Structure formats: C-alpha cells, structure tokens
C-alpha cells in the first residue's frame, strides 16, 4: 500500500546538508518534508565524524582573502574565489544560530568555539531544530526514484517505508532538494553505509549532469579490520613494516597516503601513536570519544603497542564529484531539482584537492541553505498543476529485458574491488582504468537488463547497486578522460598537469557513459595551440 | 558489528530500533528488540550512544561478525563507555566536549614535523586537521 502526500519542498537525505536545507526552506515560508533512508540524526558521514567547518572571521578582511587565495592556488585552477567567500560568510553567520540546540564549548582560552563540532551532537541538534520548526521528518523512508511532469520538471519522489513492511510512499512537491550524500563505494569509511550515490543516480535519470567525478582518490587511515577513519591521532603516528623497521613516511597529506598505499602493497603496515603529546593522550576520549573504543575493546594500548592499519577510500565524500549545480542557488539543469552537500559537485569551492572536513562542511551548510531557500521560492510561486506524473527510475526497478534474480552482493563486491584497489583507484593509468571500465560495464548490464526490485524488500538493494555502479562508472570514465595529474587525481601514465585541462570535466549517461569538458576548446584555440607547439 | 543485546538490562524502549541508521533491529511485541539484520550494521556505535540502559555492545570489527561472551565484555568495562565519555544523559557536565582541541593537535603535529609555516589551507594535510 502506498501513502501519498503533498509538500512545498521535499528534501531527500537527512544529513547536515539536508537538515540545513529544511531549516532554510521552512524559514522561507514553505512546508517541508524530509525523507531519510536511515534516521535523521545518525545517518550519513557527519553523524559519526567531527566536522570542523571552514571558518575565518570577517575581520580583518585580509584573513579571508589570504585563505581563499591559498585555496585557489592549491586548487590548481578549478576553484572560484567568489563562491569560497560566499560559503565562508554563510557559515560564519549561520553556524552560531544553532546555539539553542548545540552547546558550543568554551576553549582553554575562554573563547567559544563554533567551527569544530562533534558529529553525533551536531546531528542531534539539527534534528531537534527540525522537530521544533515543524519539518515533517520521515525516518527509514528511502527514496527510490524522482517523479516528473511530462515537461521534465520535477514533481516529487517515490520510495518505501522500510519499517512498515516496505510499503510505499509518494510525495508531490514543487521543488526537490537532493541531499543524499556522496559515496565511499561501500568502503570502511565510518558512517558511510547509507551513502550509496542514490542522489547522483536520481539526478542523472532526471537529466542533470555530474561534474568532478575523477576526484575520488582520497583514502583515510583506520586500524585494520575497523572503520574508525578518524585521523587526528595519526598526525603523530610512526609507521613500521612487519620486520619492525621504521618507515620514512611523509608527515601528512596526499604524499603520506600514497606512501602508505605503496607500503601496504608490499605487506602489513604497523602504527604506533606513542609520540602523541601526553596532554592529548589524557584528553583523547574527550576530543573524539569513539576513537578509543576500537583500541579498548581489542585490549590494545594505542600509546604503547603497535597495531596494523589499513586505508579506506573516501570516494566522493572527501572527494569533490557530484551533481553539477548551475547559477547561484544550487539548482541543477533540471527545473525544480536542487543539489546540496556531497550530493553536489564541489570543485568551485574546493579546487582539485580534497575539501574533506572544513570546506565540504561549509559547503554542505551553505548549499543546504541556498537550495532550501530557492526551492521554497520556486514552490511557493508555482500555480496549481494537474497531469500525469512519470517515475524516472529505471535500473534496478524496471529491467530492460526479462526480470530474474541478480546476485547483487557479488555485483557490489566487484565494484568495491575496483574502487578500493590502489593500482586502479589511486595510482591510476589508462590500462587499469580500462580494466575497471570493462568490469563495471558488465556489472551494470547485468543489473540494468535483469534486476527488478519489487515491493517485497529488495527494491532498495537493487537501486543502491545501480547507484553505486553508475557512480563508479562516471568516476572511471572521468579519470580516463583527464589524461593528466591534478590535485588528488593522479595518473601514473600522465604525471604533469596540462593547461588545457585546467577546467571542470562533466559526465553522465546511464547505459552509455559520456564525459565532456565544460569549455571545449574552440577551433581557434586548438589552431593556436598547434602553432605554439 | 553489533554483537550483544544484554536482555537483562534492556528496557524495551526501542530507541535503537528508531535511531539505527542501518535498520538493524526489529521491535518485538514483548520484550527487547531483535538484532534482526546484524550483517547490515555499519559499526557506527550510535546505538550505544542512544541506549540509556547501556544494553548494547558493538564489536570494532566492521566486516565480520565476532562471537563475544557477555560476561567477558562486561568485565572489560567498555559497555557504556562511549555514552559516558560523550557526556550524554546523566553524564552531561561530567565529561566535557573538547572537540575544539583537534585543530591544536594538528598544528602541533605540523610544528613537530618541522612545518612551522603550515598554511591555513592549501594542503590536504591541513584540511584533514578539521575533519577527523
């Protein structure tokens, strides 16, 4: 049985971007419904982490100019300074407004700290605000597909109520904000299980473009066999090989990631945190209370013993790729469809390097506000409309040939191998990427031709598999097309950055994946380039 | 992965059923919930944080189920630790939130590594400062 409802603005996803979008849309006078696959408060990567927002006071003005300037330089041509200033400003003005629900702590110096929040408390506070301002929050209501009018503009979404016998829901809205997060391709990134790229797939099915999908090559340390991808303590880590030989690792950053990945290809890597300063050791459980859980439960003294580590891919989460937004209000190319947070592409605010943590958090907050506000304005300005709505979902819901059982677990395992393997996903080359492409295309075809999730429980799993495969295919195609190294995207067969690639790379397509440069070179430019060379 | 539900502690409030992002639990008409889908657990420990009865235990292994014995787990003293150190519920005020120290740790690490000119932004290393 399907329940049907109407709202001005529908938000898909209840992490920090979706929550801020819901708050902004409500403030703009709209009725708001937020649907979340899990529980709005614990679901998504913010809830398990400690997001520090990009945070620079407006005074002196030079401070922001310096920070933005440094980010533009590091971003290797893909950043947009005006956007960076905009999200710094929105974050600075907005985050403290959560004070009634979040107890912002006072530091040892007696200053209130706003920028660094703890994930569980932050999401609990945002949930409390949503409940207080009258947002209708529907937990355990995963969305399966968007609904559109015959002209292609977005009219709502449809999904299942997974705690009510997988019965259905259908919600009609004048605007839909996709805030379903990015994806870490089912790696061990903490808190990322629900982040399967659903919002990317739904946007592509509606006709929106993706951007920056090649920037998915960030990896994060965790104790082996765990998903505790919280890196602070590792800033003082010492690494060893199995023979106890200390490794001469770079101190931090992408260079360290690449060093450790190479070391892990040779064998187990052990870690010691003995160099962490004593005062921090004593307060670690108050900084990040979940970090000691792993060590304490395994009987490891993290400050004396050596323990094995691993690297989990961050995919698009500490990467940058997502749905391309156009204009100033986070609308996509599809009327009525908006994208926020990791669901949206972020090269303009992060550049070609990871926006992990600070920039991505400021973007999630800011894009949520912008999308929620714009969605409310659009919806409230629409007249009554009638007509037949079309469900836009295809793969995993409506097979192109005879439906039959598809082994989704092995499809997902194949996807995961391609996206986690260092030689495929981190140290990229045309040969490795082509091999990934073949594997992923075969898996996609199997799901597209035969998988039919029905109302009896596997619709969500089939759609998650479709979204993961679609995202992985856009990522691989984009990494192939960007035949250079830039920021976090490393091509071992094309180590230098190319001037003509100093721009965004768009991608999309379902059965036939495509990529294209945002500003294709004109004939004149090409001729000029040939003359110069 | 979720390993134990201590039925003698559980008050059947079903908060875990409601807040588990992976929908691991099923409410039961009488008594404690069932751990119906342990394989879906994402090892985020949120159920422990929200459980005021300290009736849940999540093992750190994220990819495989591990057999644990209730007596040994309780003797280990880590049941309820996450909720206590987070200062939730009755622990409010006892264990302060010192998340703000994170950025000073990264700064000191940069200094220790001889990177006194660590820029405010511009390296992934510094960006990780505010995330983890």
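Residue numbers (my numbering), protein chains in the order written: chain A, 1 to 533; chain B, 1001 to 1132.
A virtual CB, placed ideally from N, CA and C, is assigned to each residue, including glycine.
Remember, it's a predicted structure, so these values are computed and weren't measured experimentally.
C-beta contact flag for residue i and residue j at 9 Å
| i | j | result |
| --- | --- | --- |
| residue 119 of chain A | residue 38 of chain A | no |
| residue 427 of chain A | residue 492 of chain A | yes |
| residue 1002 of chain B | residue 1059 of chain B | yes |
| residue 11 of chain A | residue 176 of chain A | yes |
| residue 122 of chain A | residue 51 of chain A | yes |
| residue 481 of chain A | residue 395 of chain A | no |
| residue 372 of chain A | residue 24 of chain A | yes |
| residue 323 of chain A | residue 200 of chain A | yes |
| residue 1098 of chain B | residue 287 of chain A | yes |
| residue 205 of chain A | residue 147 of chain A | no |
| residue 488 of chain A | residue 361 of chain A | no |
| residue 174 of chain A | residue 336 of chain A | yes |
| residue 98 of chain A | residue 56 of chain A | no |
| residue 32 of chain A | residue 47 of chain A | no |
| residue 54 of chain A | residue 348 of chain A | no |
| residue 539 of chain A | residue 181 of chain A | Because chain A is modelled from 1 through 533, residue 539 of chain A falls outside the range shown and cannot be assessed. |
| residue 293 of chain A | residue 1050 of chain B | no |
Residue i, enclosing beta strand (DSSP E) - first and last residue
| i | result |
| --- | --- |
| residue 136 of chain A | 136-138 |
| residue 6 of chain A | 2-12 |
| residue 241 of chain A | 238-241 |
| residue 271 of chain A | 269-272 |
| residue 508 of chain A | 505-508 |
| residue 35 of chain A | 32-35 |
| residue 1094 of chain B | Looking at the DSSP string, residue 1094 of chain B is not in any beta strand (DSSP E), and its letter there is neither H nor E. |
| residue 339 of chain A | 337-339 |
| residue 325 of chain A | Per DSSP, residue 325 of chain A belongs to no beta strand (DSSP E) and is neither H nor E. |
Where the alpha helix (DSSP H) containing residue i begins and where it ends
| i | result |
| --- | --- |
| residue 348 of chain A | 347-350 |
| residue 91 of chain A | 81-94 |
| residue 374 of chain A | 358-381 |
| residue 67 of chain A | 61-74 |
| residue 1112 of chain B | 1102-1112 |
| residue 121 of chain A | 119-133 |
| residue 23 of chain A | 16-27 |
Contact belief for residue i with residue j at Cβ below 8 Å, rounded distance in angstroms
| i | j | result |
| --- | --- | --- |
| residue 1037 of chain B | residue 1023 of chain B | 7 Å |
| residue 138 of chain A | residue 35 of chain A | 5 Å |
| residue 299 of chain A | residue 79 of chain A | Rounded, the Cβ-Cβ distance is 46 Å, inconsistent with contact. |
| residue 364 of chain A | residue 341 of chain A | 4 Å |
| residue 228 of chain A | residue 315 of chain A | About 18 Å separates the two Cβ atoms, so there is no contact after all. |
| residue 375 of chain A | residue 9 of chain A | 5 Å |
| residue 18 of chain A | residue 368 of chain A | 7 Å |
| residue 1113 of chain B | residue 251 of chain A | 4 Å |
| residue 490 of chain A | residue 312 of chain A | Residue 490 of chain A to residue 312 of chain A, Cβ: 18 Å. No contact. |
| residue 179 of chain A | residue 13 of chain A | 4 Å |
| residue 169 of chain A | residue 158 of chain A | 7 Å |
| residue 267 of chain A | residue 241 of chain A | 6 Å |
| residue 211 of chain A | residue 440 of chain A | Not a contact, Cβ separation roughly 19 Å. |
| residue 194 of chain A | residue 1021 of chain B | 6 Å |
Buried or exposed (CB count within 10 angstroms, at least 16 for buried), residue i
| i | result |
| --- | --- |
| residue 165 of chain A | exposed |
| residue 1042 of chain B | buried |
| residue 332 of chain A | buried |
| residue 459 of chain A | buried |
| residue 474 of chain A | buried |
| residue 154 of chain A | buried |
| residue 7 of chain A | buried |
| residue 366 of chain A | buried |
| residue 1035 of chain B | buried |
| residue 485 of chain A | buried |
| residue 516 of chain A | exposed |
| residue 1067 of chain B | exposed |
| residue 1122 of chain B | Summary for residue 1122 of chain B: the model assigns pLDDT 37, below 50, so the residue's position carries little reliability; its value from the coordinates is reported in the next sentence. Per the 10 Å Cβ criterion, buried. |
| residue 383 of chain A | exposed |
| residue 359 of chain A | buried |
| residue 1118 of chain B | Here the model assigns residue 1118 of chain B a pLDDT of 45, short of 50, so the residue's position is not dependable, and the following value carries that caveat. Label assigned to residue 1118 of chain B: buried. |
| residue 246 of chain A | exposed |
| residue 1093 of chain B | exposed |
| residue 534 of chain A | Outside the displayed range of chain A (1 to 533) lies residue 534 of chain A, so it cannot be described from this structure. |
| residue 112 of chain A | exposed |
| residue 1011 of chain B | exposed |
| residue 471 of chain A | buried |
Any non-hydrogen atom of the ligand ADP within 8 Å of residue i CB
| i | result |
| --- | --- |
| residue 115 of chain A | You won't find the ligand ADP in this model; it holds no ligand whatsoever. |
Item to check | Any alpha helix (DSSP H) of 4 or more consecutive residues that is wholly inside the region 422-480 of chain A | outcome: 430-450
Checklist entry - Fully enclosed by the region 1003-1043 of chain B, which alpha helix (DSSP H) runs are 4 residues long or longer? => result List check, alpha helix (DSSP H) in window: 1015-1019.
Item to check | Uninterrupted beta strand (DSSP E) stretches inside the region 140-226 of chain A (no shorter than 3 residues) | outcome: 143-148, 154-161, 167-178, 219-223
Next on the checklist: Ignoring anything shorter than 3 residues, give me the beta strand (DSSP E) runs that lie fully in the region 1036-1086 of chain B, in order along the chain.
Outcome noted: 1056-1058
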